[in-house]
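Protein chains in written order, with my numbering: chain A, 1 to 356; chain B, 357 to 712; chain C, 713 to 1068; chain D, 1069 to 1424.
Every residue gets a Cβ at the ideal spot worked out from N, C-alpha and C, and that includes glycine.
Given the structure is predicted, the values throughout are model-derived calculations rather than measurements.
Data block below; observations after.
Protein chains: 4
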Amino acid sequence: MSDDRLGCAVVGAGGYIGQHFARLLADHPRFAPPLLVAGERSGGKRLADVWQLAEAPPAGLAEERLLRLGPAALARRGVPLVFSALPSGTAGPLERELVRRGVSVFSNAADHRAAPGAPLLVPEVNADHLALARGGRGRGLLVTNPNCSAAGLVVALAPVLGALRPASIHVSTYQALSGAGYPGVPSLAITDNVVPFIRDEEEKVARESSILLGARAGPQVRALRTPIVAHCVRVGTREGHLEAVTVHARRRPSGDALRRAWTTFDPLRALSLATAPHPPVVVRQEPDRPQPLRDRWAGTPARARGMAVTVGRIRWTPPYLRFFALSHNAVRGGAGGSVLNAELALEAGRLPRRPS
Amino acid sequence: MSDDRLGCAVVGAGGYIGQHFARLLADHPRFAPPLLVAGERSGGKRLADVWQLAEAPPAGLAEERLLRLGPAALARRGVPLVFSALPSGTAGPLERELVRRGVSVFSNAADHRAAPGAPLLVPEVNADHLALARGGRGRGLLVTNPNCSAAGLVVALAPVLGALRPASIHVSTYQALSGAGYPGVPSLAITDNVVPFIRDEEEKVARESSILLGARAGPQVRALRTPIVAHCVRVGTREGHLEAVTVHARRRPSGDALRRAWTTFDPLRALSLATAPHPPVVVRQEPDRPQPLRDRWAGTPARARGMAVTVGRIRWTPPYLRFFALSHNAVRGGAGGSVLNAELALEAGRLPRRPS
Amino acid sequence: MSDDRLGCAVVGAGGYIGQHFARLLADHPRFAPPLLVAGERSGGKRLADVWQLAEAPPAGLAEERLLRLGPAALARRGVPLVFSALPSGTAGPLERELVRRGVSVFSNAADHRAAPGAPLLVPEVNADHLALARGGRGRGLLVTNPNCSAAGLVVALAPVLGALRPASIHVSTYQALSGAGYPGVPSLAITDNVVPFIRDEEEKVARESSILLGARAGPQVRALRTPIVAHCVRVGTREGHLEAVTVHARRRPSGDALRRAWTTFDPLRALSLATAPHPPVVVRQEPDRPQPLRDRWAGTPARARGMAVTVGRIRWTPPYLRFFALSHNAVRGGAGGSVLNAELALEAGRLPRRPS
Amino acid sequence: MSDDRLGCAVVGAGGYIGQHFARLLADHPRFAPPLLVAGERSGGKRLADVWQLAEAPPAGLAEERLLRLGPAALARRGVPLVFSALPSGTAGPLERELVRRGVSVFSNAADHRAAPGAPLLVPEVNADHLALARGGRGRGLLVTNPNCSAAGLVVALAPVLGALRPASIHVSTYQALSGAGYPGVPSLAITDNVVPFIRDEEEKVARESSILLGARAGPQVRALRTPIVAHCVRVGTREGHLEAVTVHARRRPSGDALRRAWTTFDPLRALSLATAPHPPVVVRQEPDRPQPLRDRWAGTPARARGMAVTVGRIRWTPPYLRFFALSHNAVRGGAGGSVLNAELALEAGRLPRRPS
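Shown next, in the form of structure tokens:
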């Protein structure tokens, strides 16, 4: 094709996050419409046939068939870039093989998060960790986005951490159904109910947030040492993770200073990354916001819908700062996070045009 | 044991209907607490570990392990009576083998509904069809209860059919999540949604209702010939199927006569069947009833909770009679239906104390 | 202003339908952004402060204050066109006074539906009834759109009625929460529940559909005489009324003919009405569609989102045609319906630029 | 009457908490079936006509009419005991007048919580505070139960506070719809949503819990000084408030010691209070409990259903103890709490048989 967009593929395209990848990449300015790759369950079907999102499938891809293609075939076809929406466990070996074959992988799976040479990345928070990614000389990059709850949390915290120097951070989540994928949570388990358990989630939130908020130290990350104490709970909303956050602060900045820290935060403003929201944090003044139903799609410009983190109900009663943060689990905390990571890598000159 | 209750087992005890069987049989006056039998997924676990109902598991059975027992083992243990909550497809061969080994089977599965020698039975409606059941001389009985939507429909229609002599019957359902078992309907499929499709359901409602409302003719049933035209829809309620019914009537009885037909209907009043509700049809006068939340557990005495069918919003504008009917899909339309069938068979002297 | 769009106002702008009017009119090509008028409860507040829809308020109107303006003040300001989202009862006298003062009114309220000189209108179905609207010589037009359930029903039926010549039409509804406005249905009334009662709804569906599908006869409408037998039920969805429809047909067209009747139906294609969907009926082939969650916003072009009626699960077993129809209750069945009516009147030269 | 049960009345009997009072008092061993008193909205109607709970109204009271009776009339009728389910604001003056007329009041309203002479009471936690209640010599007692979230929290914390000596207590709530009464939360506000705001709730949880967990000091209470930092959120469940609790501990008892503290806790065991659950804290071992749907009705014996607090998912990673607590907001946190308070007062000889 004559356009100079980078070719790419989505593996795990039949699942909930995979479909968000397809939606985001169907008409991306820098990446070409993706090959859609799936396994036994969805392979061979049209995207429209497996579609689970409430909004209609993207016109350009709806009729595409999901392909059953392994890493070798993808490399052979010259695909330089793969977005991985595979379930954890399945993702690991396949992603490693892709990387060995020179294909760069941006993954939503947990398998390689913060593995050596595979940074955990949220561009607004730790763009400098991209440098930790190994790659080149026949090897693709491997970059991961964090757990869906950690993603929103770190964007909300990053602007104010320095001013607060926390002694501890407490977070309780109100996580949407789509966080469990499809079919995911049985309706009988959640109708008229909430479930105070999501396997491994509290550990991921604590560990991954600490790494994202940590400092690069040579080839490694020195994780934040502040305890992050989490309760993770599933509620009956479709999309959008709400988090109740309390920061036990050591310092006492003014309320104005805190608010300004949030509203002026925009570390990516100088870059032109298509999926980056400006501002990344939307601060709401209403007494009852953020709400999943109303704020899940926050983010401007239009391409960044669902990428902003909404912060509200800020209550600063030193030493405790309380607020709520809301982010779209499948966009900011999933497919959108990885697309933004790839945009950053492309901008940084780290993404070759063909398998290296 | 010294008590003279009939021994029994529940096959498919790990599923939603199986658990309702366990609940109903844990302290039944005529049947002993059941052996709980399950397959690979649940076998070996305690009932409490697989329990899915909102109410707590019955004290006497909660700690019982689900056994992996085949038909031969059940017959060898001398179990004369099996309640089948197996999924359709699996149920067929296993139920046939039990019957061949002299064990009587009362089944909620679709496989043998109205098969030769295996009547489809709702005691208030067609108790006389029990005579169609083959059995004896080394062969167990095989009796089925109908589809969960048909069960409520026929109880609601039986009292008034004669007076109306319908030209056609129209029914639209509002079916609860538990009708699909567990895990059943994914929460993402039904939250803020209704789904106008349940596989084969409309056909079952029409066919099974016609048989239940039909007349015995020698060794067969002459099905009702009135067209039953159904729409079947899943909504996001936990339990209780609501049905909007319109009868296009050929006759024009008075509204009082119709109401009296419903309120005086109690064909089982002379028998003492433990699970039979008296009255079987509860007629409500409020403008906005029946409702799944409030009426699903209708039925007195206490043991018959969930067995009554609630009828309300009766609008008789000849030639169209409109009303709503509500019944508990997993009790009247599932486990309770089969237990009542077995009580009828026992009362009728058709249930031997050991595999025959 | 230099643009030649027609000035307008929305009365009842603080309510759910009023907000949909604001959304549709914020950047309309033929109507200027509306004055927003409200009563005691919302008057004086900004639109953003009373906003109830899930999507954000339209940028151009969000900061506008809702005005407390009576009919006289509206006429004095020279507003030629008012969209009425007032509750029934309140609407009647106010709309009449507006009309007397020369202001044309397009109303969603029930008070004047099919009153003499005030046609009930769905442009795809009975555009010729517009001629019944009195107006001119100092008097504004008064045109109403139907009840939200009737609106979807008649669009779905219109294409096939001629081919079927029905003996009766049966409809059961699955109506969304927003049909009751805000605050509307208490959450405790509907969580894990459905409610088989909506006051006067069944009567409205029957009466209004009969008129819309009727024939103009001089200065009157000869209503369709086919019985329309309705059950109306509230379910727990946010937006989008689903309807299960059975037509008892006198004729037996082929299934292909029926399908073609729906897919080729587009009586407004020659006009350029901004809010008219093309096609007005979307026919879906999937076994489980239409669904409120997925199909409520059907309608192309973009300005006609929520205006198409989706038809699916067509089952033609003569003499019974069964199908499901879904339409957005607050758009096709509410604000969008009235906006389309006004577009038709403007196109027909019936809307003067100032109060007449 | 010949039975020696104490006469009583429920004011505010038409509301959600009032109906739980009616349910609990319909057949109480020490209190006679209550007079049901209501205001303009419900007065004159039968209890059955205003009934909002999912379970059926109590047989003995369903047909009773709600009376419009003021304090003077209640005193004149010789009613010695009133349970108040009035909304805050309305409750204050009316309760004061009752007390002045010698009628004892046990109130669920916020107006007098911890007012001088009107103790805030949860018998398992601070039974000794009953002594703070003024009363006698022509004056009735005035005793209040706390906010619905505080009630569950303090029962869950009381057993382990001594062993932990907390530096701070963090709680995030998942509060049920019924906490807002009826009509309460509009369905459009909460369907596919959670709302991170309940007016004054966080302040109440902190203040009332501190008082309940405080020590009596002469005629006053020395409130607990440990900060209680709360986030209060409404979710879409019908009944049962879930709370995520983190205790930042100063001491490090063993996990066994903590568990034992909970399971052996039963300070009321020696008293025979009809509504007291034994044990008051149910500790669950499953990884995903407590859940509102399954644990809201915890509590033995049968009369204490809904009075136990369920604790689960205990994670003790010093210095942070995390767990979830669940209690029925309208029983333990509402009507049941006040009934238990009255039982304690009766047992303590503080309740005279007639207005004093």
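Name, please, each residue of chain C whose Cβ falls closer than 8 angstroms to the Cβ of residue 1253 of chain D. Residues of chain C passing the Cβ test: 898, 899, 900.
Residue 149 of chain A, enclosing beta strand (DSSP E) - first and last residue: Taken as a continuous stretch (DSSP letters only), residue 149 of chain A belongs to no beta strand (DSSP E), being part of the alpha helix (DSSP H) at 148-164.
Looking at C-alpha atoms only, which residue of A:53, A:97, A:91, A:352 is the closest neighbour of residue 73 of chain A? Cα-wise, what sits closest to residue 73 of chain A is A:97.
DSSP three-state assignment for residue 1263 of chain D, whether helix, strand or coil: The answer is strand: DSSP assigns residue 1263 of chain D an E or B state.
Taking just the CA atoms, how far does residue 893 of chain C sit from residue 727 of chain C? Computed Cα separation, rounded: 7 angstroms.
In or out: residue 1395 of chain D buried (at least 16 other Cβ within 10 Å) or exposed? By the neighbour-count criterion, in which a residue is buried when 16 or more other Cβ atoms sit within 10 angstroms of its Cβ, residue 1395 of chain D is buried.
Flag this pair as yes or no: are the beta carbons of residue 154 of chain A and residue 209 of chain A separated by less than 8 angstroms? In contact: residue 154 of chain A and residue 209 of chain A (Cβ atoms closer than 8 angstroms).
Return the chain-ordered list of same chain residues with a C-beta closer than 6 angstroms to the C-beta of residue 473 of chain B, the five sequence neighbours on each side being excluded. Hits under 6 angstroms: 490.
C-beta neighbour in chain B for residue 1393 of chain D, strict 8 angstroms: Interface with chain B (8 angstroms Cβ-Cβ cutoff): residue 1393 of chain D is excluded.
Taking 8 angstroms as the limit between beta carbons, can you name the residues of its chain near residue 1091 of chain D, skipping five residues before and five after? The residues are 1121, 1123, 1125, 1126, 1403.
Using the rule of at least 16 other Cβ atoms within 10 Å of the residue's Cβ for burial, across every protein chain shown, is residue 1255 of chain D buried or exposed? When all chains shown are included, residue 1255 of chain D counts as buried.
Which residue from A:87, A:77, A:4, A:122 puts its Cα closest to that of residue 103 of chain A? Ranking A:87, A:77, A:4, A:122 by Cα distance to residue 103 of chain A puts A:77 first.
To the nearest angstrom, how far is it from the Cα of residue 717 of chain C to the Cα of residue 741 of chain C? Going by C-alpha positions, residue 717 of chain C is about 7 angstroms away from residue 741 of chain C.
Against chain A, with Cβ distances strictly below 8 angstroms, would residue 1005 of chain C count as a contact? Interface residue, yes.
Exposed unless 16 or more other CB atoms sit within 10 angstroms - verdict on residue 500 of chain B: With 16 or more Cβ atoms within 10 Å of its Cβ, residue 500 of chain B is classed as buried.
Using a Cβ-Cβ cutoff of 8 angstroms, what residues of the stretch 930-953 of chain C are near chain E? List them in chain order. Structure shown: chain E not included; protein chains present are A, B, C and D.
So which residues of chain C does residue 1246 of chain D contact, with C-beta pairs closer than 7 angstroms? Against residue 1246 of chain D, the close residues of chain C are 900, in the order they occur along the chain (beta-carbon pairs closer than 7 angstroms).
Within the 8 angstroms Cβ cut-off, does residue 54 of chain A reach chain C? It does: the Cβ of residue 54 of chain A has a partner Cβ on chain C nearer than 8 angstroms.
Boundaries of the beta strand (DSSP E) in which residue 619 of chain B is found, first to last residue: It is not in any beta strand (DSSP E) - residue 619 of chain B instead sits in the alpha helix (DSSP H) that spans 611-619.
Hey, quick one: how far does the alpha helix (DSSP H) through residue 731 of chain C stretch, first residue to last? From DSSP, the alpha helix (DSSP H) with residue 731 of chain C extends over 728-737.
Does residue 1277 of chain D come out as helix, strand or coil in the three-state DSSP assignment? The answer is helix: DSSP assigns residue 1277 of chain D an H, G or I state.
In the DSSP assignment, what residue or residues form a beta bridge with residue 913 of chain C? Note: residue 913 of chain C sits in no beta bridge, so no partner.
Alpha carbon of residue 590 of chain B to alpha carbon of residue 505 of chain B, nearest angstrom: Each residue's Cα considered, the two are about 11 angstroms apart.
Three or more C-beta pairs closer than 8 angstroms, one from the stretch 1190-1202 of chain D and one from the stretch 1230-1250 of chain D: is that the case here? Touching, no, given that fewer than three Cβ pairs across the two stretches are closer than 8 angstroms.
Should residue 586 of chain B go down as buried or exposed, given a rule of 16 or more other Cβ atoms within 10 Å for buried? Answer is buried; the Cβ neighbour count reaches 16.
Going by DSSP, what residues sit across from residue 177 of chain A in a beta bridge? Paired residue(s): none; residue 177 of chain A is not in a bridge.
Return helix, strand or coil for residue 1299 of chain D, following the three-state DSSP convention. Reduced to three states, the DSSP call for residue 1299 of chain D is strand.
Between residue 1020 of chain D and residue 1285 of chain D, what straight-line distance do the alpha-carbon atoms span, to the nearest angstrom? A question about residue 1020 of chain D goes unanswered here, because the residues of chain D that appear run from 1069 up to 1424.
Please look up how many angstroms separate the CB atoms of residue 757 of chain C and residue 781 of chain C, rounded, as I've assumed it's under 8 angstroms. 14 angstroms between Cβ atoms; not a contact.
Can you list the residues of chain B that residue 908 of chain C reaches, using a CB-CB cut of under 9 angstroms? For residue 908 of chain C, the chain B residues whose C-beta falls within less than 9 angstroms of its own C-beta are 530, 598, 600, 644, 645, 646, 647, 668, 669, 680, 682, listed in chain order.
Can you pull the chain C neighbours of residue 300 of chain A, defined as C-beta to C-beta under 9 angstroms? Those within 9 angstroms of residue 300 of chain A in chain C number zero; the least Cβ separation is about 11 angstroms.
Span of the alpha helix (DSSP H), counted from its first residue to its last, around residue 1144 of chain D: Unbroken alpha helix (DSSP H) run through residue 1144 of chain D: 1139-1144.
Comparing the C-beta of residue 634 of chain B with each C-beta of chain C, is any distance below 8 angstroms? The Cβ of residue 634 of chain B sits no closer than 8 angstroms to any Cβ of chain C.
Which bits of chain C does residue 1117 of chain D rub up against, with CB to CB less than 9 angstroms? For residue 1117 of chain D, none of the residues of chain C pass the 9 angstroms Cβ criterion, the least Cβ distance being about 15 angstroms.
Given this structure, state the Cα-to-Cα distance separating residue 1306 of chain D from residue 1245 of chain D, to the nearest angstrom. If I take the Cα positions, the gap works out to 5 angstroms.
In whole angstroms, what separates the C-alpha of residue 1034 of chain C from that of residue 1023 of chain C? Taking the straight line from one Cα to the other gives about 10 angstroms.
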